[in-house]
Amino acid sequence: MRAEIKIDGIDEAIFKSIKQEEKEAISRAKVYQSEEKLVLEIEAEDVSDLRAAINSWLRLIKMCVEVEEVLKNG
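Heads up: the sequence shown at position 33 corresponds to 805 in my numbering, and the numbers run straight through without jumps.
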């Protein structure tokens, strides 16, 4: 099973921090930037593993965005 997610508005700092997690992922994941979007490609053996991986990656991205907002707004 495979999923591709594209997210607008992710800056370079968030991309770099998320990219490091690519190596540690249980599922196969590829993170890159294309046309000013963060692209996340995930592969897993079955639907439940894919769903779990998508949820984990999206939670990580959301947390990074929230931390960045807190740091900017101090």
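Note that CB positions come from ideal geometry on N, CA and C, so glycine has one too.
Which residues does DSSP pair with residue i in a beta bridge?
{"i": "R823", "result": "Looking at the DSSP assignment, R823 forms no beta bridge with any residue, so it has no partner."}
{"i": "A801", "result": "I814"}
Among the options, which has the Cα closest to the Cα of residue i?
{"i": "R774", "options": "D818, D780, S828, L830", "result": "D818"}
{"i": "M835", "options": "G846, V811, I790, S806", "result": "I790"}
{"i": "I798", "options": "D821, K809, L843", "result": "D821"}
{"i": "K778", "options": "V803, Q792, A816", "result": "V803"}
Would you report the Cα separation of residue i and residue j, rounded to the nearest angstrom?
{"i": "I814", "j": "A825", "result": "7 angstroms"}
{"i": "R831", "j": "E807", "result": "23 angstroms"}
{"i": "K795", "j": "L810", "result": "17 angstroms"}
Taking C-beta to C-beta, are residue i and residue j nearer than 9 angstroms?
{"i": "I782", "j": "V837", "result": "yes"}
{"i": "A785", "j": "W829", "result": "no"}
Ignore the nearest five residues each way along the sequence and tell me which others in residue i's own chain have a CB closer than 6 angstroms to its CB.
{"i": "Q805", "result": "F787"}
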